[in-house]
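Each remark here refers to the structure printed beneath this line.
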Amino acid sequence: MNNSCATSGNSGPKIRSDCEIVLELRNSGGIEIDLKSKVVVLFGDSIRALCIEILNYFGIDDAFLKVIDSGALPFVISARLESAIKQLKTTDLDFLPELIEENKYSTSSGIFRFSRLYLPGNTPSMMINAGLHSADGIILDLEDSVPPDKKDEARILVRNALRQIDFNGAERMVRINQGERGLKDLEYVVPHNVNLILIPKCESVVTVKSISEKILEIKSNKGLTNPVHLMPIIETALGVEMSFEIAKSVPEVVALAIGLEDFTADLGVPRTSEGKESLYARTRIINAAKAAGIQPIDSVFSDVGDMEALRQNVLSSKALGFEGMGCIHPRQIPVIKQGFAPGPDEIDKSKKIVLAFEDARKNGLGVVALGSKMIDPPVVARAQKIITLAIELGLLRRDWINEVTE
Amino acid sequence: MNNSCATSGNSGPKIRSDCEIVLELRNSGGIEIDLKSKVVVLFGDSIRALCIEILNYFGIDDAFLKVIDSGALPFVISARLESAIKQLKTTDLDFLPELIEENKYSTSSGIFRFSRLYLPGNTPSMMINAGLHSADGIILDLEDSVPPDKKDEARILVRNALRQIDFNGAERMVRINQGERGLKDLEYVVPHNVNLILIPKCESVVTVKSISEKILEIKSNKGLTNPVHLMPIIETALGVEMSFEIAKSVPEVVALAIGLEDFTADLGVPRTSEGKESLYARTRIINAAKAAGIQPIDSVFSDVGDMEALRQNVLSSKALGFEGMGCIHPRQIPVIKQGFAPGPDEIDKSKKIVLAFEDARKNGLGVVALGSKMIDPPVVARAQKIITLAIELGLLRRDWINEVTE
Amino acid sequence: MNNSCATSGNSGPKIRSDCEIVLELRNSGGIEIDLKSKVVVLFGDSIRALCIEILNYFGIDDAFLKVIDSGALPFVISARLESAIKQLKTTDLDFLPELIEENKYSTSSGIFRFSRLYLPGNTPSMMINAGLHSADGIILDLEDSVPPDKKDEARILVRNALRQIDFNGAERMVRINQGERGLKDLEYVVPHNVNLILIPKCESVVTVKSISEKILEIKSNKGLTNPVHLMPIIETALGVEMSFEIAKSVPEVVALAIGLEDFTADLGVPRTSEGKESLYARTRIINAAKAAGIQPIDSVFSDVGDMEALRQNVLSSKALGFEGMGCIHPRQIPVIKQGFAPGPDEIDKSKKIVLAFEDARKNGLGVVALGSKMIDPPVVARAQKIITLAIELGLLRRDWINEVTE
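Have a look at this one:
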């Protein structure tokens, strides 16, 4: 590649909401812009102005810039142009779009994480409306869904997305890469109010600690105080062996996820719908997470066309103790959220148990029964947890106990 | 509550074998006793005499004492009165009924523990005839089956029960409370020839060691030499993670039990009859116990009305390697004992294997066959274990091999 | 037993390819040989000459030697005679038959270990043609298949077999005994180009390390440089608890096997065909092995008459992640090898996935689909592994991708 010429972004018949940039630095002649866009009449001037502003910002006075626009929003154009510039020029500057007010929230460690939607980190078209689907979390992915030669420009796009896209209150997550690249990824996302970092193929406490320390360092340098949670993903047999150690490694770890595609590949077996090959790994990870007081989160379900299979998968996942799972298509979200929420039978039974125990407690009895079935304190604890969840999900009135006992 | 007035025990239409005590300390006027009892004609004088003896023992000369008796045995009355007194008066004295000769036995670490019957520690009516059911062990429970405000008086009742009730040779167990209360519980039961202490919700070696050391200290102070075995109960995900460490923590640990109601509550899942949600925990605990050379013991089965379901539960429990389970109703005992005993098929097959191997051994062969099935030394070891058990249970004559080979 | 008279080997109506030796040392009278053999006319002279050579080699001038031959090959006769001599005479000498050229190969740590055939270490008739069955490995067993009083002579027979029998390229394995006897066993096999040592009932890293060090010491003393791999067999609950530690203990460990007969005996449960009682142990061992980067190997299947049950067993074993299993009868070998090899469906699906991903890669896409099914990099990795295996097994042409894409 010519050292004075760089490209970034994407164009083509299937590309939407993106643009391709070709930038050639020159020694003289000022800025020349060749803009191709279907919306050139409406937005041509503002796109050109944005490009000139960015080039000026990075101190570039002479260049040929080609922009093949497919409906890119300004934060996408600026990400693409910055990526091209940084291929040609070493600089400490960042051209940051505004961090919108809607994105300045934090999440607490114990929130529901039923569903989290994976979004490829270099595909703006999939990000822009992601907030509409009401996933509990959205993941801007820098790892497996981004081709190796696009990983650098994905960082800048994801950074801008974190600042500009309103994800409708979803927990804002980023999956970083493994190793040194992952630590570098953090510099692009931690300063921009990311809520949670997913750690892929996590196999050691050392990895979690190095990420935790790097985040602390970035936050300290920038004077940030917002929490940045961690969700290691266990995707190998070695990760499974280390799962409890990883789960309790640092207090920032709020959940432990399993990635079954990678895990079954590591075992060298096909992933079946019954899942006998991963039962040990799944149940061990659930136990490790619960033992550490954090959330166990199930793998994504790959067959985005089979909603009934997904529903069954969610039910058996929940029955084992998982508290959420990943989504690779928005249509999976409602099935997953509904599946992890307590069902009417569960809520009903929980109400009966809570009431029976309240009765027993008032009468000073240590053990009570529902029919011939003994009810112990732990059963009540579980019922109470379900009631709390049902209330939070709007499936039960907060004052239900008064209604029933009146 | 009035500082000079205390109550203890229970009365009411459903109460049997218990009494309620109301005790008011006075500055003068001697002892006044108001006794209500259906058996006042027969036992009124002896009850009054016992109460006066106890009050004198604790140095109380002036008091009003109300006794609402529902057929309490002397050791119950004395426990209730001592409890009331100790609410009002600090004292190092204990009013100990006789430790009957029938209760002076010890148990060895390796005895069968097929069944153990839970008895709420503050309910005398359930204790008195518990020995009739021939459970391998009885558990006087100070933990979950005793309401918080009754835990102090339960200690004294359990202490007296250990000294006075003939449990018909069953292993005499007490389930203590968690934490500091549990350590204090030990002072009430260790000096009275308890055979085994159940440690509820055990999650760490530290807990087991602190209990073991406290028992040693009590035994040393009292000059006692009888063994006091320990059976930690694993009831949380963290307990499961620590199960092997707990199993091998101190030599007094003879068994490791699982408590599935608490465990599934900790996982946040319903306990199913299939039990997929606890398969990992159950099989891990079995392995941990066997690896430490101790007995793995299954959870209680809550539905006391369904004997067939219990029978199935016992069979699958035994098939996994469990060597016993808890009972919450006496009617469960015979089903459990029968289920854990070797069946006729098992005994028959074991006899054939032992005989085939004896033959092979005599002929100097290293590997032999039963039909096309190879028989290895471990298979013989298992068969021999079953034969030994069958002989001990009276299901097989000690000299069976001579009969067969004659 | 007479201190100047020793016996070794076997004779009798069912014995083939073996001989029985009775040796009596004398103070004078020279060598007297009494040879009984059906092939005395053809081989009588050479057998007698061999015996005299051996006696001379060990410095024995006066002895009565009885040889009851049942068709023993020279290396068997010499092993039997050496065994008899060593019962009567302390010596540092070994009478070694030639190490044939065909036996001078080494094996690499990552070779397929689908099938390995157990051969009792004191039964020459089963060894001689074992190479014909094309097992990936053959095991000369010094442990459970050899009666205690034959263990010394089995060592010498196995040593000679390692030098003389052409096993047709199979990995040449020896299962040693436990404890001190096992360490001594190593002296008889390590100098004779054994490829792999099976460690029975392995329960600790200390055991593996002591064996590894002993092997190193023997190799160093003899100036040997050939690799000697280790395959610990997990056969107890304690071994299961230690499995990951054992798997990663020393670099010589290339595989971790499970022995289910011993393991279920240790648990005290019957071994069922469904195997629920060992699911935890099997899946934990698979995970431990994979986490350590070595091969998990399944137990032998005992019912040598039921090929269909074996086939099902292999399929479910492979589906869990096992990469091979033991055989106790040659007829099991083809079923096992076929079962662990990738099937046509698996190869077909893998081809489609690899092709779809190659396409996507060329077009710069990070995520692609086969129908509605997303394909991630790990799925491709698994497919690629299957393709490699299929090519190595001759089930697929090395240039298949060109054929398809042309």
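Residue numbers (the numbering used here), protein chains in the order written: chain A, 1 to 406; chain B, 1001 to 1406; chain C, 2001 to 2406. We put the beta carbon where it would ideally sit given N, CA and C, even for glycine.
Check                                                                                                                    : Outcome
Runs of alpha helix (DSSP H) wholly within the segment 195–243 of chain A (minimum 4 residues, chain order)              : 205–222 and 237–241
Chain-ordered neighbours of Lys1290 (chain B) on chain C, where CB pairs are closer than 7 Å                             : Ala2237, Asp2266 and Leu2267
Residues that Glu102 (chain A) contacts on chain C, provided the C-beta gap is smaller than 9 Å                          : Here the premise fails: no neighbours, minimum Cβ distance about 28 Å.
As assigned by DSSP and simplified to three states, the class of Val2022 (chain C)                                       : strand
Where the beta strand (DSSP E) containing Gln295 (chain A) begins and where it ends                                      : Gln295 to Ile297
Buried or exposed by the 16-neighbour rule on C-beta atoms within 10 Å, applied to Thr283 (chain A)                      : buried
Rounded C-alpha distance that separates Asp2069 (chain C) from Ile2015 (chain C)                                         : 10 Å
Alpha helix (DSSP H) segment containing Ala1289 (chain B), residue limits                                                : Leu1279 to Ala1291
Residues in the segment 1320–1348 of chain B having any Cβ partner in chain C nearer than 8 Å                            : Leu1320, Gly1321, Glu1323 and Glu1346
Cβ pair count under 8 Å reaching 3, the segment 288–300 of chain A against the segment 2299–2311 of chain C              : no
As assigned by DSSP and simplified to three states, the class of Gly1137 (chain B)                                       : strand
Residues from the segment 2186–2203 of chain C in contact with chain B, defined by Cβ distance under 8 Å                 : none
C-alpha gap between Lys2276 (chain C) and Leu2093 (chain C), whole angstroms                                             : 51 Å
Any chain A beta carbon closer than 8 Å to Val1240 (chain B)                                                             : yes
C-beta neighbour in chain C for Pro1074 (chain B), strict 8 Å                                                            : no
Which of helix, strand or coil DSSP assigns to Ile387 (chain A)                                                          : helix
Listed by chain order, chain B residues near Lys385 (chain A) by CB distance under 9 Å                                   : Ala1265 and Gly1268
Span separating the alpha-carbon of Met1001 (chain B) from that of Ser1008 (chain B)                                     : Only weak support is given to the placement of Met1001 (chain B): the predicted model assigns it a pLDDT of 43, under 50, and the value that follows is read from those uncertain coordinates. Cα to Cα, the separation comes out at about 13 Å.
Identity of the residue in A:Asn195, A:Asn160, A:Phe167 and A:Glu358 nearest Arg175 (chain A) by Cα                      : A:Asn195
Boundaries of the beta strand (DSSP E) in which Ile1031 (chain B) is found, first to last residue                        : Ile1031 to Lys1036
For Ser1008 (chain B), the residue or residues it bridges with in DSSP                                                   : B:Ile1021
Cβ distance (whole Å) where Leu2088 (chain C) is taken to contact Ala2006 (chain C) below 8 Å                            : 5 Å
Rounded separation between Ser1944 (chain C) and Gly2259 (chain C) - CA only                                             : Here chain C covers residues 2001 to 2406 and nothing more, so residue 1944 (chain C) does not appear.
Cβ neighbours of Val1404 (chain B) in the same chain (closer than 8 Å, five flanking residues each side left out)        : Lys1351 and Leu1355
Closer than 9 Å at the beta carbon, the chain C residues around Lys1388 (chain B)                                        : Sequence inspection shows Thr at residue 1388 (chain B); the Lys mentioned does not correspond to that position. Result: empty, since nearest Cβ-Cβ is about 11 Å, beyond 9 Å.
Rounded C-alpha distance that separates Pro1120 (chain B) from Ala1383 (chain B)                                         : 39 Å
Three-state class that DSSP yields for Gly2121 (chain C) in the structure shown                                          : coil
Per DSSP, the bridge partner or partners of Phe64 (chain A)                                                              : A:Glu24 and A:Glu32
Rounded straight-line distance, which links the Cα of Gly293 (chain A) to that of Arg113 (chain A)                       : 14 Å
Where Arg16 (chain A) falls: helix, strand or coil (DSSP)                                                                : coil
Buried/exposed call for Tyr2105 (chain C), threshold 16 Cβ in 10 Å                                                       : exposed
Neighbour flag for Arg311 (chain A) against chain B, beta carbons, 8 Å                                                   : no
Alpha helix (DSSP H) runs contained entirely in the segment 2069–2096 of chain C, provided each spans 4 or more residues : 2074–2088
Close Cβ partners of Arg1172 (chain B) (< 6 Å) along its chain, the five nearest in sequence each way excluded           : Val1194 and Asn1195
Gly2326 (chain C) - containing beta strand (DSSP E), residue span                                                        : Met2325 to Cys2327
Lys1276 (chain B) at chain A interface by Cβ criterion, 8 Å                                                              : yes
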